[in-house]
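In what follows, a single structure is set out as structure tokens and then discussed.
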């Protein structure tokens, strides 16, 4: 199949910011794309050849959307997998494969997969209903504090909560969930692994993530991680092991904990371009979105090394602001060295909503980190 | 004016590959854009908020298109300047300014501008009609060889010809033109200067250009130019002088000759992002398209330094091939280190048509140059 000539069609499920950034690459290579998203105002409504509005979770919508494409991919894992399986059976190349998505989409299954494959991860328990957690606490089967995670359809820090008392369980979704032992960790790390449909596999460097303590969202992503080379090597090897075991075609972002005694545990994975790889647009020889496209089209993978150090800051909606968005002081950050804002194009802001990100690159990582802090102190995502 | 919030509109005249690459930046910043192009199949028909089809040379079309935008820019200088002047009078910010475009659009005026401002350039003569050249040759006023250039609306090597005998004049456009003395030069160089509407000004590094001997199109652009630092400094200073004299807001690409005795002469200028700056997408801290947007919106200019060395190869249609395009061996070049193809999305190829370009980046310039040669030997732009 010649992707660079007419006739070929790529389908993308989801038209959020990840899809939008994927489309920079399909435009660069003039690859024909169609996008499905629930919202007519989705960030990637432009830049695709065809845009369709509809639910990613509806069998018929996804099936009908995917019938006439050559390759079908995702920018979000919460999609109807039955439809993907049927499409795969009928000859559409679905990457990542539905089989891999089944493992990842449900966090309980994801954890069981780690156990089955001897991949180190935090101890966990699985619950069919939230109410079972209360029973378990009463029976002494579960101690505070622990981390509660919804099994399916969590996103952007929604669906994860540190539980320190019974009161913290109030208001949580009542369905299937897991609880995890709180891991005292030195660092949160991530590695993006790319694997193409020919089996070629490459890892990006280890990045270090700093989380916002309340919103449970990444505040800074730092590449390369400021950790010992041996620890980095261990993290990269573990990410590669996970990717090889799952065997998916596309990108796999592997989030990990570095414990106090330098053990590496897998936290969770995402089967797509990931927030922890946004720095790559400005810093890497091959950015994660181009690499994703290379992977799913069976093209040779690009160089995952960095040209320069990179720090990424998420632009999230400020607390107390809901409504038409304003990016206050964006001109001030544009005057800082090596600063590139990305504005996703969501019209409405609300507290902690991901509205964009800013990448800071520099040949000196510490300088980039210092500028990133100034960026964070300067720009504000507020409402009009 | 807040460009990053709703309400602001940017108009772009021309929807070719330069406009297409400009739109990567407006999408990145979610800036509302409308594009005018003569072809409904223009490369930037996607990725803009509004696309209008119509002639860039027609007064009413351009005027009506520009009436409701806040800032109007161009990706090609062959546009109706009377319409731009009227729009400017009525309060639209037109960047680059029509006054500057008047100087540049006509090569005879451009040359007179150099003379008036003591900017070194090859000696030239101006002719209202092609037939006057023959008279001048007969009278001994003009000697072979010389360079003929059409005064207006030349593009992509069209409109320039080395004339070695009367026979070479056959078939040339009959209208206004100039002739230039042939300059024996060591190198062709270029510098892109950016100037924002607040008067801030920055130059990109000097690049070196190798031309295809027959097609008169750039074959390799090499950044940084492999020349003596003093010569580079001289070229950068001259480019800055030209930009300051023209005083336009936006980008000015200044093409120059380095003569055998290391004099620098201005060849010609382009008031927009330029082929000689495409390397910047992968190699520079701030690419030329983002810099153009920063300039015309009065935003602080970005860092023009390079992260790594870059070499750019134009993808032009192979001789003997006209029709639906095929990019032969593109997978082979994707396997080479640091190689990024850009496919403009023109459905039809013809000999020497610019169909795309490939950038090769590397921390070592000589390696990038060697890989560029392999790219050039490998990929072929042919018809089906």
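Chains as they are written, first to last, in my numbering: chain A, 800 to 1183; chain B, 800 to 1183.
Virtual Cβ for every residue (Gly too), placed ideally from N, Cα, C.
These numbers come from a predicted model, not from an experiment.
Could you check where the beta strand (DSSP E) with residue i kicks off and where it finishes?
i, result
"residue 873(A)", "870 to 873"
"residue 994(B)", "984 to 994"
"residue 1001(A)", "1000 to 1002"
"residue 1140(B)", "1138 to 1142"
"residue 1052(A)", "1049 to 1058"
"residue 1190(B)", "The requested residue 1190(B) does not occur in the structure, where chain B is confined to residues 800 to 1183."
"residue 978(B)", "976 to 980"
"residue 925(A)", "923 to 926"
Terminal residues of the continuous alpha helix (DSSP H) containing residue i?
i, result
"residue 883(B)", "880 to 888"
"residue 1082(B)", "1079 to 1082"
"residue 898(A)", "897 to 904"
Consult DSSP for residue i and reduce its assignment to one of helix, strand or coil.
i, result
"residue 1092(B)", "helix"
"residue 1181(A)", "strand"
"residue 944(A)", "coil"
"residue 1074(A)", "helix"
"residue 1117(B)", "coil"
"residue 860(B)", "helix"
"residue 913(B)", "helix"
"residue 1087(B)", "helix"
"residue 1027(B)", "coil"
"residue 997(B)", "coil"
"residue 849(A)", "strand"
"residue 1045(B)", "helix"
"residue 935(A)", "helix"
"residue 836(A)", "strand"
"residue 1107(B)", "coil"
"residue 971(B)", "coil"
"residue 958(B)", "coil"
"residue 1185(A)", "There is simply no residue 1185(A) to check, as chain A begins at 800 and stops at 1183 in what is shown."
"residue 1149(B)", "coil"
"residue 1062(B)", "coil"
"residue 891(B)", "coil"
"residue 1174(B)", "helix"
"residue 1159(B)", "strand"
"residue 1021(A)", "strand"
"residue 1013(B)", "coil"
"residue 1069(A)", "strand"
"residue 1131(B)", "helix"
Do you know offhand how far residue i's Cα is from residue j's?
i, j, result
"residue 1048(A)", "residue 1073(A)", "15 Å"
"residue 830(B)", "residue 809(B)", "7 Å"
"residue 1152(A)", "residue 932(A)", "29 Å"
"residue 992(B)", "residue 998(B)", "12 Å"
"residue 977(B)", "residue 943(B)", "14 Å"
"residue 881(A)", "residue 1096(A)", "22 Å"
"residue 1101(B)", "residue 1082(A)", "16 Å"
"residue 1041(B)", "residue 1071(B)", "14 Å"
"residue 1118(A)", "residue 822(A)", "31 Å"
"residue 1018(A)", "residue 1075(A)", "10 Å"
"residue 1085(B)", "residue 1137(B)", "18 Å"
"residue 1130(A)", "residue 1141(B)", "30 Å"
"residue 1182(B)", "residue 846(B)", "27 Å"
"residue 873(B)", "residue 838(A)", "32 Å"
"residue 825(B)", "residue 820(A)", "13 Å"
"residue 1109(B)", "residue 916(B)", "33 Å"
"residue 1114(A)", "residue 1139(A)", "12 Å"
"residue 811(A)", "residue 896(A)", "14 Å"
"residue 1030(B)", "residue 1038(B)", "12 Å"
"residue 1175(A)", "residue 1146(A)", "21 Å"
"residue 1066(B)", "residue 1054(B)", "5 Å"
"residue 1103(B)", "residue 1062(B)", "25 Å"
- Task: Output the residue ranges of the alpha helix (DSSP H) runs that lie fully inside the region 809 to 834 of chain A and measure 4 residues or longer, sorted by chain position.
- Result: Taken in chain order, the whole alpha helix (DSSP H) runs of length 4 or more contained in the region 809 to 834 of chain A are 816 to 827.
- Select from the region 822 to 836 of chain B all residues with a C-beta closer than 7 Å to any C-beta belonging to chain A, and list them in chain order. Only those residues of the region 822 to 836 of chain B whose C-beta falls short of 7 Å from the nearest C-beta of chain A are listed: 823, 826, 827, 828 and 829.
- Item | Residues from the region 1140 to 1155 of chain B in contact with chain A, defined by Cβ distance under 9 Å | Under the 9 Å Cβ criterion, the region 1140 to 1155 of chain B contributes 1140, 1141, 1142, 1143, 1144, 1145, 1146 and 1155.
- Task: Select from the region 981 to 1015 of chain A all residues with a C-beta closer than 8 Å to any C-beta belonging to chain B, and list them in chain order.
- Result: For the region 981 to 1015 of chain A, which is checked against every Cβ of chain B, not one residue is closer than 8 Å.
- Task: May I ask you to list, following chain order, the residues of the region 880 to 909 of chain A that have a beta carbon less than 9 Å from some beta carbon of chain B?
- Result: Result list empty, no residue passes.
- When you check each C-beta in the region 1096 to 1109 of chain A against every C-beta of chain B, which residues fall closer than 7 Å? Contacts with chain B (Cβ-Cβ distance below 7 Å) from the region 1096 to 1109 of chain A involve 1098, 1099, 1102, 1106 and 1107, listed in chain order.
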